[in-house]
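*Asks:* Before we start, here is the structure in question, set down as structure tokens.
Residue numbers (our numbering), protein chains in the order written: chain A, 3 to 190; chain B, 649 to 809.
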């Protein structure tokens, strides 16, 4: 059972009406309803911003990436089949945009976790985990973030990353072991 | 069972994917090995820790996104109509200047002029610069209009699908 980040994520995972609402908003937005698109942005912005931040570790870059994900969503909405669930389709798009963003900015060094953060600095344990996450290969990092942080099911993450569920489990297993070893070694 | 073997199986133990007998053996080792116990605690807490990673400070992205969307948005129907007009006018001017038969002659001339420009033939007469410019400008206009129309019609199809 995955742990999810935030109440909205829990609702999105467990309550069917939330998923239906996203589909309905996406359907309206596809028809040119800008208010529906704005509502869709507000519904997902916190999770997308958090996902982008955990992927990039830079608050400014994360905000830029989050905006880019939504702009790309707007352009891609015409391809969305509103008979299908919105979340897997959306997170696939968000993942592709994130991977491309990282590729484009591959030479930009990532700042330390918490640097440029205008709120409270992350707790040392969270900062250690963020450090270890940033050392993972990007697709493994995205797999962990999509499942544990954004609350997608294994099937949804597998579909998003173009993997079979067993291959995804194996990848996540290795990634978690890498994180675990890094954290144990970093702990006093 | 060695420490390395136990640690390789910790994530499976946490996920409940080990055979009961093997799980029991791993637990027995962990109970007597402080270092493996540290690894086991880290493995067990990992899903929750990943789920509880801090959120960045909340920012309302909606106005920023909507501004970017509005800036990038065009009016595809109007633009498509304008591009069509460009294409038709450009073609009419081209035909008016030289006629259909003249177009073929102009194309031949243009190729000859291009050959002259590339310096491939010293015997080719020098073209009148204004004519050459006019012809190339019109060809450019038609080509730009066609590309413009293709791009816009693709964008228009996306929005209307």
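Cβ atoms here follow ideal geometry from the backbone N, Cα and C, with glycine treated the same way. The structure displayed is predicted, hence computed values, not measured ones.
(1) According to the Cβ coordinates, are residue 694 (chain B) and residue 178 (chain A) closer than 9 Å?
(2) Taking the C-alpha atoms as reference points, what is the distance between residue 76 (chain A) and residue 35 (chain A)?
(3) Going by Cα to Cα distance, which pick from B:753, B:711, B:783 is closest to residue 813 (chain B)?
(4) Does any CB atom of chain B fall closer than 9 Å to the CB of residue 164 (chain A)?
(5) At which residue ranges does the stretch 21 to 74 of chain A contain complete alpha helix (DSSP H) runs of 4 or more residues, listed in the order of the chain?
(6) Could you check where the alpha helix (DSSP H) with residue 694 (chain B) kicks off and where it finishes?
(7) Would you identify the three-state DSSP class for residue 749 (chain B), choosing helix, strand or coil?
(8) Taking residue 786 (chain B) and residue 741 (chain B) to be in contact with their CB atoms under 8 Å, please state how far apart those CB atoms are, rounded to whole angstroms.
(9) Shorter than 9 Å from the beta carbon of residue 64 (chain A) to some beta carbon of chain B?
(10) Which runs of the alpha helix (DSSP H) at least 4 residues long sit entirely within the stretch 75 to 114 of chain A? Give them in chain order.
(11) Could you pull the start and end residues of the alpha helix (DSSP H) that residue 168 (chain A) belongs to?
(12) For a contact meaning CB atoms closer than 8 Å, what does residue 61 (chain A) contact in chain B?
(13) According to DSSP, is residue 132 (chain A) helix, strand or coil?
(14) Taking beta-carbon pairs under 7 Å, can you tell me which members of the stretch 674 to 687 of chain B lie near chain A?
(15) Which residues in chain B have a C-beta closer than 9 Å to the C-beta of residue 55 (chain A)? List them in chain order.
(16) Can you pull the chain A residues whose beta carbon is under 7 Å from the beta carbon of residue 717 (chain B), in chain order?
(17) Under 9 Å Cβ-Cβ, which residues of chain A neighbour residue 697 (chain B)?
(18) From the beta carbon of residue 227 (chain A), is the nearest beta carbon of chain B less than 9 Å away?
(19) Between residue 701 (chain B) and residue 151 (chain A), how many whole angstroms is the CB-CB distance? I'm expecting something under 8 Å.
(20) What's the C-alpha gap between residue 162 (chain A) and residue 27 (chain A)?
(21) How would you call residue 4 (chain A), buried or exposed, if buried means at least 16 neighbouring beta carbons within 10 angstroms?
(22) Residue 131 (chain A) and residue 181 (chain A) look like a contact to me (Cβ under 8 Å); what is the Cβ gap, rounded to whole Å?
(23) Which residues in the same chain as residue 184 (chain A) place their Cβ atom closer than 6 Å to its Cβ, once the five residues preceding and following it in sequence are excluded?
*Replies:* Put simply:
(1) yes
(2) 11 Å
(3) Summary: the structure shown does not reach residue 813 (chain B), with chain B confined to residues 649 through 809, and so no result is reported for it.
(4) no
(5) 36 to 58
(6) 682 to 699
(7) helix
(8) 6 Å
(9) yes
(10) 88 to 106
(11) 167 to 188
(12) 704, 705
(13) helix
(14) 686, 687
(15) 701, 702, 703, 704
(16) 73, 76
(17) 5, 127, 128, 131, 150, 181, 185
(18) In the structure as shown, chain A starts at 3 and stops at 190, and residue 227 (chain A) therefore has no counterpart that could be examined.
(19) 6 Å
(20) 21 Å
(21) The pLDDT assigned to residue 4 (chain A) is 43, lower than 50, so where the model puts this residue is not dependable, and the model offers no usable value.
(22) 7 Å
(23) 134
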